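Note sheet for the following structure.
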Amino acid sequence: MKQRNYKYLTLITVFFVTVLLISNIVSTKITNIWPLTFDAGTILFPLSYIFWDILTEVYGYKQSRKIIWMWFGAALLMAAIIIIVGLLPSAADRPYQEAYQNILWLTPRIVLASLIAYFAWEFSNSYLLAKIKIWMKGKKLRIRTIWSTTISQILDTGLFVFIAFFWIFEPSLLWTILVSNYIFKVWIEILFTPLTYIITNKLKKSEWEDYYDHKTDFNPFIIN
Numbered sequence: 156m157k158q159r160n161y162k163y164l165t166l167i168t169v170f171f172v173t174v175l176l177i178s179n180i181v182s183t184k185i186t187n188i189w190p191l192t193f194d195a196g197t198i199l200f201p202l203s204y205i206f207w208d209i210l211t212e213v214y215g216y217k218q219s220r221k222i223i224w225m226w227f228g229a230a231l232l233m234a235a236i237i238i239i240v241g242l243l244p245s246a247a248d249r250p251y252q253e254a255y256q257n258i259l260w261l262t263p264r265i266v267l268a269s270l271i272a273y274f275a276w277e278f279s280n281s282y283l284l285a286k287i288k289i290w291m292k293g294k295k296l297r298i299r300t301i302w303s304t305t306i307s308q309i310l311d312t313g314l315f316v317f318i319a320f321f322w323i324f325e326p327s328l329l330w331t332i333l334v335s336n337y338i339f340k341v342w343i344e345i346l347f348t349p350l351t352y353i354i355t356n357k358l359k360k361s362e363w364e365d366y367y368d369h370k371t372d373f374n375p376f377i378i379n
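Numbering-wise, the working numbering puts 282 at position 127 of the sequence shown, and it's gapless, one number per residue.
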């Protein structure tokens, strides 16, 4: 079967991967925006969910699966480079080696947490979105995206916070970060739902695509 050439899929892919990589780095900072306390990556990370809804809704699970693996490769490369650079000897007149290690050396652990959590959440979320789209015959996108995020974020946020910050923060702060992350992510999804709806409809018309995964193999380990 001939591969379709989409006008905007590459642009969305680049934006999606960039958002995830940046969010992994800035997650090393814990911030407080009253009354919520969360890792700073949470400010940017929910944008990936919005674009993920768009990807699955317009282009289907198969395309979404490819992009997940692209991000996995990019994230692993980033983590490896950060570790290798951290192990290199620091110049004698450069006093920031300890600061580098204190801040950026947490990034590989955050990347690992993000990979595990996102793998568990994204493939299950994409599967649900694809199946519910068929069941609801492509209608009620608002309900489908909000419902899937509200349910699946329990899995994603719980895994990420536990793996990334366990033994680093006190249990009380860990619990505060978990609850705050969940509330913020769901709130962003709901807030941006009208924009998701508008972008999705415009892409469907522009790309001449509204994919239904009737015959899709949902095995997450198939890359092609």
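All C-beta atoms in this analysis are idealised placements derived from N, C-alpha and C, irrespective of residue type, glycine included. Just so it is clear, the structure is predicted and the values come from calculations on it, not from any experiment.
- When C-alpha distances from E212 are compared across K357, I343, W342, the shortest belongs to K357.
- In this structure L243 is exposed. Its beta-carbon is surrounded by fewer than 16 other beta-carbon atoms within 10 angstroms.
- Per the DSSP secondary-structure output, I188 pairs in a beta bridge with L191.
- For L202, same chain residues with a beta-carbon under 6 angstroms away, outside a window of 5 residues either side, are V174 in chain order.
- Linking V240 to Q252 through their CA atoms gives a straight-line distance of about 10 angstroms.
- For D208, the enclosing alpha helix (DSSP H) starts and ends at 201-214.
- Sequence-distant Cβ neighbours of A275 in its own chain, meaning closer than 8 angstroms and more than five residues away, are L310, D311, L314.
- The beta carbons of I301 and E344 sit closer together than 8 angstroms.
- Linking S361 to L166 through their CA atoms gives a straight-line distance of about 14 angstroms.
- Looking from the CA of Y352, the closest CA among E325, L210, W189, P190 belongs to L210.
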